[in-house]
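Only one structure is covered here, and it is reproduced in the block below.
Numbering (the UniProt record's numbering), first residue to last: 1 to 334.
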């Protein structure tokens with residue numbers, strides 16, 4: 001069986017690579033003999049993070065066509081691929097790739113896709129067209145599902161968990177204290193926040209973009225270490241707690257039942273913290289003071305046993321939901 005996957009892969013963003021790793025894990029458990037080919041920006045980086053996958057350059061149409069030829073299943077997603085907040089050309093490019101896959105692959109599956117915002121009429125039309133061409137649609141949140149229905153997508157749409165919840169942490173022998181995953185954002189002073197957490201270790205999720213945001217904290221550079229996503233997850237699993245703006249740093253913590261403090265700059269961070277039952281560990285990254293951050297960290301530490309139990313239950317449920325797209329695919333091929 002031949003499977004091809006397209007997402008935001010090979011760009012140095014550990015969150016997107018966790019999505020791919022989770023998809024690969026779920027597919028591997030369902031189709032253990034399948035070959036996975038990834039359309040990527042950086043073949044070397046993808047093969048380092050995901051040993052054993054095949055790759056093709058996503059920007060070379062000839063390579064993409066050859067890669068998709070004879071594909072049984074085309075996996076589209078996950079992540080926020082279908083949005084035009086940054087560029088309308090992005091939606092056009094992904095729509096063209098999805099349409100091409102529809103011609104070459106036997107089945108097309110949207111996996112935990114994030115949809116929106118879609119501001120231009122052309123973007124909305126393109127997403128409606130490719131949505132109605134897919135064989136199955138799964139999205140990562142109710143907002144994405146509602147937008148697809150609003151656009152006129154008639155296919156059944158399921159909301160599933162982030163694929164990263166399907167991952168299993170690799171063993172890690174060196175216990176970690178506090179891990180911090182900050183990013184640059186208007187109105188946020190990452191250096192000030194980092195300074196409020198002496199002794200912590202920075203976990204930059206997007207390289208090299210996040211390096212500057214970690215201030216003077218010592219850094220775990222997963223890229224230089226040649227680590228897989230599961231290795232990074234293992235570091236989070238042995239951490240005392242995680243303080244993060246980055247969504248997938250928080251998903252890693254939730255998956256490992258590591259207590260966290262969520263610094264919100266985007267609704268998706270708020271949604272994750274609330275879904276995990278950690279509302280009282282949620283702070284606004286644009287208004288939080290160092291004193292408030294230190295106090296919240298202290299409180300989370302004091303209640304860590306209860307929080308670990310809460311997060312274990314949450315991760316168990318999300319892990320099952322993360323496997324749902326693979327179960328849909330099994331109805332076609334098993």
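Where is the CB? At the ideal position from N, CA and C, for every residue including glycine.
How far does the beta strand (DSSP E) with residue i in it extend, from its first residue to its last?
i           : result
residue 4   : 2 to 6
residue 73  : 73 to 76
residue 330 : First-last for residue 330: 324 to 333, but that is the alpha helix (DSSP H), not the beta strand (DSSP E).
residue 113 : 107 to 115
residue 70  : It is not in any beta strand (DSSP E) - residue 70 carries neither H nor E in the DSSP assignment.
residue 136 : 136 to 139
residue 82  : 79 to 82
Quick one: residues in its chain with C-beta nearer than 8 Å to the C-beta of residue i, no 5 flanking neighbours on either side, listed in chain order?
i           : result
residue 274 : 282
residue 177 : 199, 200, 201, 239 and 240
residue 217 : 180, 194, 197, 200, 201 and 202
residue 100 : 64, 65 and 68
residue 117 : 83, 84 and 85
residue 139 : 110, 112, 113, 114, 115, 145, 148, 157, 158, 159 and 160
residue 124 : 118 and 151
residue 53  : 24, 36, 37, 38, 46 and 47
Closest to residue i by C-alpha separation, out of the options, would be which residue?
i           : options               : result
residue 175 : 124, 203 and 240      : 240
residue 2   : 191, 53 and 73        : 73
residue 187 : 247, 122 and 266      : 266
residue 204 : 167, 36, 246 and 173  : 246
residue 93  : 249, 7, 209 and 136   : 7
residue 321 : 160, 271, 305 and 249 : 160
residue 172 : 328, 242, 234 and 290 : 234
residue 158 : 124, 109, 300 and 116 : 109
residue 324 : 76, 47 and 111        : 111
residue 372 : 270, 285 and 287      : The question about residue 372 has no answer here: the residues shown for the chain are numbered 1 through 334.
residue 47  : 29, 32, 70 and 21     : 21
residue 11  : 32, 102, 30 and 208   : 208
residue 285 : 236, 183 and 331      : 183
residue 335 : 329, 97 and 150       : The structure shown has nothing for residue 335, since the chain only spans 1 to 334.
residue 331 : 136, 124 and 268      : 136
residue 23  : 151, 268, 215 and 162 : 162
residue 41  : 31, 30, 25 and 5      : 5
residue 304 : 319, 132, 253 and 76  : 253
residue 329 : 134, 124, 122 and 123 : 134
residue 49  : 102, 32, 276 and 224  : 224
residue 319 : 255, 263 and 277      : 255
residue 294 : 29, 263 and 334       : 263
residue 277 : 317, 287, 102 and 213 : 317
Would you kindly report the start and end of the unbroken alpha helix (DSSP H) that includes residue i?
i           : result
residue 15  : 14 to 30
residue 151 : 142 to 151
residue 93  : 88 to 104
residue 123 : 121 to 133
Residues in its own chain within less than 7 Å of residue i by CB, not counting five upstream and five downstream?
i           : result
residue 27  : 3, 34, 36 and 326
residue 16  : 7, 8, 9 and 79
residue 296 : 261, 281 and 283
residue 257 : 308, 311, 312 and 315
residue 292 : 283
residue 120 : 84 and 88
residue 126 : 91, 92 and 95
residue 192 : 290
residue 300 : 241, 259, 261, 281 and 307
residue 189 : none
residue 104 : 68, 69 and 71
residue 130 : 95, 98 and 99
residue 215 : 190, 191, 194 and 195
Looking only at its own chain, which residues have a Cβ that is under 6 Å from the Cβ of residue i, when we skip the five neighbours before and after it?
i           : result
residue 18  : 164, 229 and 248
residue 106 : 72
residue 13  : 206
residue 81  : 94
residue 222 : 232
residue 43  : 55
residue 220 : 201 and 203
residue 45  : 10
residue 31  : 1
residue 185 : 265
Please indicate yes or no: does the CB of residue i lie closer than 7 Å to some heavy atom of the ligand SAH?
i          : result
residue 67 : This structure lacks the ligand SAH; in fact it carries no ligand of any kind.
Alpha helix (DSSP H) segments (min. 4 residues) lying fully within the stretch 242 to 321
247 to 256, 267 to 275 and 290 to 302
Unbroken stretches of the beta strand (DSSP E), 3 residues or longer, contained in the stretch 25 to 65
35 to 40 and 54 to 57
Contact between the stretch 139 to 148 and the stretch 58 to 75 is defined here as three or more beta-carbon pairs at a separation below 8 Å; is this criterion met?
no
Decide yes or no for the touch test of the stretch 152 to 167 against the stretch 213 to 228: beta carbon pairs closer than 8 Å, at least 3 of them.
no
In chain order, what are the residue ranges of uninterrupted alpha helix (DSSP H) at least 4 long that sit wholly in the stretch 151 to 237?
190 to 195 and 229 to 237
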